[in-house]
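Participant: Attaching a single structure in structure tokens format; questions to follow.
2 protein chains.
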Amino acid sequence: MIERVVIVGTGLIGSSIGLALRAAGFSGLISGVDLSEEELRQALAMGAIGEALEGEERVLEAVTAADVIMLAVPVLGILDWMQRLAPLLGPGQLVTDVGSTKGSIAELAGRLYNGDGQARFLPGHPMAGKESGGAALAEARLLNGATWLFTALPGAASELEVEWQDWVRRFGCRVVEMEAGRHDVVCAWVSHLPQYVSTAMAALLEDEFREAPEVAGEFLAIGGRALREMTRLGASPYSMWRDVAMTNTDAVAATLLALEQRLAHLRENLRTPELRDEFARANAFRKR
Amino acid sequence: MIERVVIVGTGLIGSSIGLALRAAGFSGLISGVDLSEEELRQALAMGAIGEALEGEERVLEAVTAADVIMLAVPVLGILDWMQRLAPLLGPGQLVTDVGSTKGSIAELAGRLYNGDGQARFLPGHPMAGKESGGAALAEARLLNGATWLFTALPGAASELEVEWQDWVRRFGCRVVEMEAGRHDVVCAWVSHLPQYVSTAMAALLEDEFREAPEVAGEFLAIGGRALREMTRLGASPYSMWRDVAMTNTDAVAATLLALEQRLAHLRENLRTPELRDEFARANAFRKR
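Protein chains in written order, with full-length UniProt numbering: chain A, 1 to 288; chain B, 1 to 288.
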């Protein structure tokens with residue numbers, strides 16, 4: 001029975017998980033840790049966590065007593081916490097995470113967790129977010145309707161893992177199991193590529209129109225919904241996406257190269273019937 | 001005083017204009033023409049037009065008696081109608097349009113309109129739309145809050161032009177004047193580029209995942225909002241965007257090439273500090 005949860009990183013996702021646990025009826029203790037005192041206070045004030053852990057000693061005490069430790073920081077931070085926690089924890093404890101890439105996390109988990117006398121690790125990734133972070137934007141319903149991908153290590157799931165996934169389903173999530181390597185390729189296409197394209201497009205427009213006074217600041221208004229949508233993720237924080245780029249470099253580079261080639265193909269066919277075929281393929285994708 | 005309006009093309013935009021005229025208090029006659037009998041009937045049924053013009057003779061009669069003729073078809077269709085109408089019309093009549101590109105339209109207008117004994121032509125472009133067309137999706141509020149660009153020919157505006165722009169303001173639009181060549185460059189960036197990128201991305205994903213049964217049809221769900229937004233315009237009709245590609249080829253090709261180079265730059269810097277600068281520029285654009 002999960003009774004004590006520690007959430008490491010009480011930003012947008014960590015605090016939304018705390019709120020979702022409460023909304024789903026979890027009555028145990030939820031403790032929070034965050035480098036930012038402000039994020040931690042915000043999470044406490046809104047009820048995403050029941051206590052704020054401040055100081056090395058209180059954090060150590062809480063994690064050693066926890067049933068579940070949820071790592072909700074960027075990927076490189078998750079890897080740091082995994083190494084820090086492994087020697088402190090033991091059987092009967094579960095560590096899980098929400099990192100955007102899973103290859104390096106699953107690899108490290110295989111070395112430091114799930115062995116005799118070790119805590120369990122269940123790599124996870126809820127496909128939910130906003131272009132701006134922070135506890136203030138957290139909400140239980142952010143997770144409702146989202147797909148929560150898990151890339152479990154080989155072997156049978158522990159009772160804690162089964163129970164945690166039950167909570168995730170109670171958040172309103174669709175649970176999907178996937179191999180870690182496949183996860184990183186799939187997410188490169190459906191999540192990382194959209195992010196980096198949006199960043200590139202927003203950065204390009206910034207350079208292009210910064211010096212055009214007749215339309216400066218009016219571009220989003222003129223372009224309307226299409227431009228707003230295509231550049232919305234341009235507001236996303238570097239801190240999170242640096243870690244994705246660092247830990248999924250090859251897969252992200254492959255999708256970017258594929259899109260570069262596709263754009264070149266479209267550009268070379270603006271006046272040929274091939275443009276019709278490209279629209280037909282795009283139309284088909286949107287009918288799925 | 002505008003009392004008789006003929007809308008050529010009673011699809012999404014044409015019908016929305018009819019509805020917006022009525023919502024803004026226009027009490028004159030609105031007649032509609034469309035190649036599709038179904039679109040025409042739909043527009044009539046929802047009150048976007050007051051009469052449906054069927055048959056060559058009725059169309060001729062209506063356009064020669066009209067104060068304003070609104071061309072709301074794709075750009076190549078607009079060019080056809082401009083040539084067809086010019087010899088039939090005279091002073092005291094205004095032709096205007098909603099074409100997505102303005103260079104070829106302004107050029108033809110300069111040759112066939114605004115001279116002695118000729119009707120006036122006012123090129124226009126409301127920055128509003130949906131990824132799917134058709135009268136059934138039309139609504140007056142589609143135009144509310146949108147920017148309506150005009151690329152008037154040289155010389156003083158006629159009374160009809162001033163009155164038409166007053167109606168446009170009553171639709172809730174912000175009226176912006178712009179030179180036709182500049183319009184096409186600006187729209188290549190803020191409208192055409194987002195469209196073709198969305199088409200290319202949707203087409204690429206269609207090819208990539210058509211054969212992946214474990215995730216087929218689930219990609220939009222896994223990717224979530226970001227993927228849905230970035231590929232939404234993939235549903236847009238070829239018919240409209242072929243004409244944009246045909247009549248704004250150079251400007252569109254230049255924006256596509258610029259984005260290809262930008263994506264390559266980002267791809268080559270996934271693990272360097274340059275990625276931080278690119279995110280900073282994108283963040284700045286979104287704060288405008």
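All C-beta atoms, glycine included, are put in the ideal place defined by N, C-alpha and C.
These numbers come from a predicted model, not from an experiment.
Taking the straight line between their C-alpha atoms, what separation do you get for Ala45/B and Gly133/B?
Facilitator: The straight-line gap from Cα to Cα measures roughly 17 Å.
Participant: Check each residue of the segment 164-182 of chain B: if its Cβ is closer than 9 Å to any Cβ of chain A, include it; give the result in chain order.
Facilitator: So the list reads Arg174, Val176, Met178 and Arg182, given in the order they occur along the chain.
Participant: Pairing CB atoms from the segment 34-45 of chain A with CB atoms from the segment 131-151 of chain A, are three or more of them under 8 Å?
Facilitator: Segments in contact, yes.
Participant: Alpha carbon to alpha carbon, how far is Leu94/A from Leu270/B?
Facilitator: Roughly 32 Å separates the two Cα atoms.
Participant: Taking Ala253/B and Arg267/A to be in contact with their CB atoms under 8 Å, please state how far apart those CB atoms are, rounded to whole angstroms.
Facilitator: That belief holds up - the Cβ atoms of Ala253/B and Arg267/A are roughly 5 Å apart, short of 8 Å.
Participant: Between Ala245/A and the rest of its own chain, which residues show a CB-CB distance below 7 Å, the 5 nearest in sequence each way excluded?
Facilitator: The residues are Val252.
Participant: For chain A, check one thing: does any of its Cβ atoms lie closer than 9 Å to the Cβ of Tyr113/B?
Facilitator: No, Tyr113/B lies away from the interface with chain A (no Cβ there is under 9 Å from its Cβ).
Participant: Do Met70/B and Asp34/B come within 9 Å of each other at the CB atom, strictly closer than that value?
Facilitator: Not in contact: Asp34/B and Met70/B (Cβ atoms no closer than 9 Å).
Participant: What are the boundary residues of the alpha helix (DSSP H) that includes Leu76/A?
Facilitator: Leu76/A -> alpha helix (DSSP H) spans Val75 to Leu85.
Participant: In whole angstroms, what is the alpha-carbon distance linking Arg58/B and Trp81/B?
Facilitator: Cα to Cα, Arg58/B sits roughly 16 Å from Trp81/B.
Participant: Measuring CA to CA, which of Leu259/A, Glu161/A and Ala212/A is closest to Met201/B?
Facilitator: The residue with the shortest Cα to Cα distance from Met201/B is Leu259/A.
Participant: Could you pull the start and end residues of the alpha helix (DSSP H) that Val244/B belongs to?
Facilitator: Unbroken alpha helix (DSSP H) run through Val244/B: Tyr238 to Thr247.
Participant: Determine, using beta carbons only, whether Arg232/B and Arg232/A come nearer to each other than 9 Å.
Facilitator: Taking 9 Å as the Cβ cut-off, Arg232/B and Arg232/A do not qualify as a contacting pair.
Participant: Can you list, in chain order, the residues of its chain with a C-beta nearer than 6 Å to that of Ser104/B? Leave out the 5 residues immediately preceding and following it.
Facilitator: Excluding sequence neighbours, Ser104/B sits near Thr247.
Participant: Where DSSP assigns a beta bridge to residue 294/A, which residues make up the other side?
Facilitator: Because chain A spans 1 through 288 in this model, residue 294/A falls outside it and cannot be assessed.
Participant: Closest Cβ-Cβ distance between Phe121/B and chain A: below 9 Å?
Facilitator: It does not; no Cβ of chain A falls within 9 Å.
Participant: Would a C-beta distance cut-off of 9 Å place Leu53/A and Val6/A closer than the cut-off?
Facilitator: Yes, the Cβ-Cβ distance between Leu53/A and Val6/A is below 9 Å.
Participant: May I ask you to report which of helix, strand or coil DSSP gives Arg271/A?
Facilitator: Coil at Arg271/A, not helix or strand.
Participant: List the residues of chain A that Pro74/B touches, going by C-beta distances under 7 Å, in chain order.
Facilitator: What Pro74/B touches in chain A: nothing, since even the nearest Cβ is about 13 Å away.
Participant: Assuming the contact rule is C-beta atoms closer than 8 Å, Leu108/B and Ala152/B should be a hit. Round their C-beta distance to whole Å, please.
Facilitator: In fact, because the Cβ distance is near 15 Å, the residues do not count as touching under 8 Å.
Participant: Are the C-beta of Arg141/A and some C-beta of chain B separated by less than 9 Å?
Facilitator: Closer than 9 Å: no.
Participant: Based on the DSSP secondary-structure assignment, which residues constitute the bridge partners of Leu149/A?
Facilitator: Answer is His125/A and Val176/A.
Participant: Does the CB of Val186/A have a neighbour CB from chain B at under 9 Å?
Facilitator: Yes, Val186/A lies at the interface with chain B (some Cβ there is under 9 Å from its Cβ).
Participant: Just to confirm my understanding: we take Glu51/B, look at its own chain, exclude 5 residues before and 5 after, and list those with CB closer than 6 Å. What are they?
Facilitator: These residues qualify, in order along the chain: Ser31.
Participant: Does any CB atom of chain A fall closer than 9 Å to the CB of Leu259/B?
Facilitator: Yes, its Cβ sits closer than 9 Å to a Cβ of chain A.
Participant: Is the beta carbon of His183/A less than 9 Å from the beta carbon of His125/A?
Facilitator: Contact flag set, yes.
Participant: Taking Trp189/B as the query, report the chain D residues whose CB atoms sit under 7 Å from its CB, ordered along the chain.
Facilitator: Here the protein chains are A and B, and chain D is not one of them.
Participant: Closest to Val68/A by C-alpha separation, out of Gln83/A, Phe279/A, Tyr196/A and Val8/A, would be which residue?
Facilitator: Out of Gln83/A, Phe279/A, Tyr196/A and Val8/A, Val8/A has the C-alpha closest to the C-alpha of Val68/A.
Participant: Do you know how far the Cα of Arg242/B is from the Cα of Arg276/A?
Facilitator: Rounded to the nearest angstrom, the two C-alpha atoms are 8 Å apart.
Participant: Determine contact between the segment 146-160 of chain A and the segment 195-211 of chain B, defined as no fewer than three beta-carbon pairs at a distance below 8 Å.
Facilitator: Flag = no, the segment 146-160 of chain A and the segment 195-211 of chain B do not touch.
Participant: Spatial neighbours of Leu127/A within its chain, please: C-beta separation below 6 Å, excluding the five flanking residues on both sides.
Facilitator: Leu is not the amino acid found at residue 127/A; the sequence shown has Met there. For Met127/A, where only same-chain residues beyond five positions count, the Cβ hits under 6 Å are Ala146 and Thr147.
Participant: When burial is assigned at 16 or more other CB atoms within 10 Å of the CB, is Gln261/B buried or exposed?
Facilitator: It is exposed - the Cβ of Gln261/B has fewer than 16 other Cβ atoms within 10 Å.
Participant: Identify the contact partners of Met246/A in chain B, using a Cβ-Cβ distance below 8 Å as the criterion.
Facilitator: Within chain B, the residues near Met246/A are Leu270 and Arg271.
Participant: Per the DSSP calculation, Met70/B is bridged to which residue(s)?
Facilitator: DSSP output for Met70/B lists Ile7/B and Thr96/B as bridge partner(s).
Participant: Rounded to a whole number of angstroms, what is the C-alpha to C-alpha distance between Ala284/B and Val185/B?
Facilitator: Spanning the two alpha carbons is a distance of roughly 22 Å.
Participant: Quick check on DSSP: helix, strand or coil for Ile105/B?
Facilitator: Three-state DSSP puts Ile105/B in a helix.
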